[in-house]
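J.: For the sequence shown, position 73 (counting from the first letter as 1) is numbered 76 according to this note's numbering, and the numbering increases by one without interruption.
The beta carbon of each residue, even a glycine, is placed where N, CA and C say it ideally should be.
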Amino acid sequence: MEKIRCEWAGNDPLYCDYHDNEWGVPLHDDQMLFEFLILEGAQAGLSWITVLRKRENYRKAFDNFDPNIVANYDQEKVDELLQNEGIIRNKLKINSAIKNAKAFLKVQAEFGSFDKYIWSFTGGKTIKNAWKNLSEVPALTDEATAMSKDLKKRGFNFVGPTICYAFMQATGMVNDHTTDCFKYNAK
């Protein structure tokens with residue numbers, strides 16, 4: 004029997020695997036949260052599948068998204084990344100990753116973990132929505148707007164409310180699987 008998935012997953016095996024195993028699963032690992040923050044920013048103006056197809060290249064290019072390493076990238080490393088055809092070669096997005104790594108480390112120092120900080124926007128719990136179809140899913144919410152505003156205040160960029168909401172969906176801060184999707188009630 005064919006699994007019913009959220010409409011956006013389509014038939015692409017990479018997308019289906021991502022949908023089935025990662026999207027919407029509550030994530031509490033700081034390094035993985037940093038990865039999603041950077042990848043969601045890299046996705047701005049592009050489709051998520053574009054980023055997903057380049058994810059392994061990103062992991063290699065960005066030292067497996069270790070914020071301690073990324074925060075110390077210099078101009079030589081930026082130039083190297085701009086030549087890397089395996090990632091999205093956008094100077095603003097690359098510089099943003101470095102800036103965000105520095106801000107990320109400050110948040111970790113202040114709150115003990117990025118996880119503790121970021122999940123505070125949902126009260127530490129997954130917000131479970133009940134959308135019947137993709138057209139009902141919002142592009143942003145009050146929580147995403149508050150997150151965006153606070154992240155920007157702390158020195159992050161490429162963290163607008165729409166990017167923040169996509170981050171919340173990806174990391175399981177919200178459950179936006181449609182009610183007919185097999186993942187909707189999954190633990």
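Would a C-beta distance cut-off of 8 angstroms place T129 and G175 closer than the cut-off?
T.: yes
J.: Which complete alpha helix (DSSP H) runs does the region 140-169 hold, if anything under 4 residues is left out?
T.: 145-156
J.: Report yes if the C-beta distance between T125 and E146 is below 8 angstroms; otherwise report no.
T.: Between T125 and E146, the C-beta spacing is below 8 angstroms.
J.: Which of the three DSSP states is assigned to I90 in this structure?
T.: coil
J.: Please report how far the alpha carbon of E38 lies from the alpha carbon of R56, in whole angstroms.
T.: 15 angstroms
J.: Could you work out which residue in Q172, A74, K155 and E88 is closest to N98 when comparing CA atoms only?
T.: A74
J.: Please determine if the region 59-69 and the region 6-22 are in contact, where contact requires at least 3 C-beta pairs separated by less than 8 angstroms.
T.: no
J.: With a floor of 4 residues, list each alpha helix (DSSP H) that falls wholly inside the region 42-116, ordered by position along the chain.
T.: 51-64, 70-73, 78-85 and 94-114
J.: Could you compute how far the alpha carbon of F114 sits from the alpha carbon of Y120?
T.: 6 angstroms
J.: From A149, G127, F159 and Y61, pick the residue whose C-alpha is nearest to that of M35; which is it?
T.: Cα-wise, what sits closest to M35 is Y61.
J.: Reducing DSSP to helix, strand and coil, say where N24 ends up.
T.: helix
J.: When we look at the beta-carbon of K96 and count the other beta-carbons within 10 Å, is it buried (16 or more) or exposed?
T.: buried
J.: Nearest by alpha-carbon distance to G48: which of D153, K156, I91 and T182 is it?
T.: I91
J.: Hey, G44 and F161 are a contact pair by Cβ (cut 8 angstroms); roughly how many whole angstroms apart?
T.: 3 angstroms
J.: Determine the burial state of G27: buried for a count of at least 16 other Cβ atoms within 10 Å of its Cβ, exposed for fewer.
T.: buried
J.: According to the neighbour-count rule (16 or more other Cβ atoms, all chains shown, within 10 Å of its Cβ), is I72 buried or exposed?
T.: If you draw a 10 Å sphere on the C-beta of I72, you find fewer than 16 other C-beta atoms in it, and that means exposed.
J.: Mind checking L154: buried by the 16 CB within 10 Å criterion, or exposed?
T.: buried
J.: Would you mind working out which of K152, V54, C184 and E25 sits nearest G89, comparing C-alpha positions?
T.: V54
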